[in-house]
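Under our numbering, residues 631 to 685 are what the sequence shown spells out, in order.
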Amino acid sequence: MRWWKILGLAAFAGVAATGVVIARAERRRRAYTPEEIRTRLRARHAEAVAAQPLR
């Protein structure tokens, strides 16, 4: 019966490793380019400045 435990642990490790590979690929796919980041930051800054009350 011991080999069943080893087989189960190997299967669990394989599933976990596959999940890590998929997560990394998804993160790379969704990565923004530097220009996209700049554009988003500038838009957020403009919104924040416009929303500030005058003193």
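Cβ coordinates follow ideal geometry from the N, Cα and C atoms, glycine included.
Would residue i and residue j be called neighbours here (beta carbons separated by less than 9 Å)?
| i | j | result |
| --- | --- | --- |
| tyrosine 662 | arginine 672 | no |
Along the chain, where does the alpha helix (DSSP H) that runs through residue i open and close?
| i | result |
| --- | --- |
| arginine 668 | 664 to 681 |
| arginine 659 | 632 to 659 |
For residue i, which residues from the same chain have a beta carbon less than 6 Å from its beta carbon, with the 5 sequence-adjacent residues on both sides left out?
| i | result |
| --- | --- |
| glutamate 665 | none |
Below 8 Å, is the gap between the Cβ of residue i and the nearest heavy atom of the ligand COA?
| i | result |
| --- | --- |
| glycine 649 | The ligand COA is not part of this structure, which contains no ligands at all. |
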